[in-house]
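Reading the sequence shown from the start, the letters are residues 49 to 311 in my numbering. The beta-carbon is built from N, C-alpha and C at its ideal position, and this holds for glycine as well. Source: prediction; values computed, not measured. So the structure is just underneath, and the comments pick up after that.
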Amino acid sequence: MGRSRLSLRDYLGQTLAVAEAEVRKLRHDPIELLTRAIQPLLWLLIFGQVMNRLHAIPTGGVSYEDFLAPGILAQSVVFIAIFYGLSAIWERDSGVLAKYLVSPAPRWALVVGKALGSGVRSLSQAVVIFVLAVLLGVHLRFEPAAIIGLLVFTLLGSAVFATFSLVIACLVKTRERFMGVGQLLTMPLFFASNAIYPVALMPSWLAAIARLNPLTYLVDALRALMLVGWQSTLGLGTDLAVLSIVLAVLVAVAARLYPIILG
């Protein structure tokens, strides 16, 4: 009954409290930001420059390095978020999760708080990749509206995949199984998207999968917001709607499953 008397302000406060706890973890381990910058640097500096010389992939009038940069940002978002459920399993083992679940906060507030915490980590990664892209000469947009939109989609995309990760954690329950499933999912999500090549180049069966992949919509939005002269293929409104709907569904599923992780 106590939960029913909570106001929207209470719900928001509890959600932000969970998110703030996640951000504190990042403050205590700032070296993580540096280590996470290595893989995007390798993709942009080595893979991007080699493919740019080959001219093997049509990229709509921009260099391949320009085309690749938003895809690598999206990849980093996925790689950070997809293992976020591992922290839920660790919290269960350490007893922290039990404290969350006996609090008056509704389950969806806990899930959204976790997703926001993942989003903050992804925003810090977005800054790192943006700086790398500038240093590598990628033709970026610097208009305030484009940058704000970029941050919004980065936060939204991270929330989608972090919540998906929580769903997986609730189902598999052990760290060993979670690591195996997480590794199994990351590369198919990445390669079955438009992150490193256009959907138009894919065989029809793979293109159909790419259109069902939320990462495709995230990459489409990031390209339009990051690159000078690039137009969204799917439409920013469509990208926003698809990611928002997927997030809402995943939050509902994760909130339903969240207590199961203790079983």
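In the DSSP annotation of this structure, the continuous segment of the alpha helix (DSSP H) that includes Trp138 starts and ends at Gly133 to Ser142. Leu89 sits in a helix when the DSSP states are folded into three classes. Judged by their CB atoms, Asp287 and Ala302 are not nearer to each other than the 7 Å cut-off. Unbroken beta strand (DSSP E) runs of no fewer than 3 residues, entirely contained in the stretch 263-304, are not found. Its Cα nearest to that of Ile128, the residue Ser172 stands out among Leu158, Ser172, Ile94 and Ala117. Distance from the Cα of Ile196 is smallest, within the candidate group Val175, Val208 and Asp141, for Val175.
Nearest to Arg169 by C-alpha distance, out of Ser124, Leu273, Ala117 and Pro118, is Ser124. For Leu188, DSSP records a beta bridge to Leu275. Assignment of Lys162 by DSSP, reduced to helix, strand and coil, places it in the helix class. No residue range can be given for Val110, since it is assigned to no alpha helix (DSSP H) and is classified by DSSP as neither H nor E. In the three-state reduction of the DSSP assignment, Ile257 falls in the helix class.
Each residue's CA atom was taken as its position, placing Val215 and Ile137 some 11 Å apart. Taking a C-beta distance under 7 Å as the contact criterion, Leu295 and Ala207 qualify as a contact pair. Just so you know, the alpha carbons of Gly109 and Asp141 end up roughly 51 Å apart. Here the alpha carbon of Ala243 sits roughly 7 Å from the alpha carbon of Ala122. For Phe239, the enclosing alpha helix (DSSP H) covers residues Arg223 to Phe239.
The shortest C-alpha to C-alpha distance from Met227 to any of Ser135, Leu90 and Leu93 is the one to Ser135. Taking the CA atoms as reference points, Ile94 sits about 38 Å from Val297. Its Cα nearest to that of Ser111, the residue Gly185 stands out among Arg189, Ser292, Ser166 and Gly185. At a Cβ-Cβ threshold of 7 Å, Ala258 and Thr264 count as neighbours.
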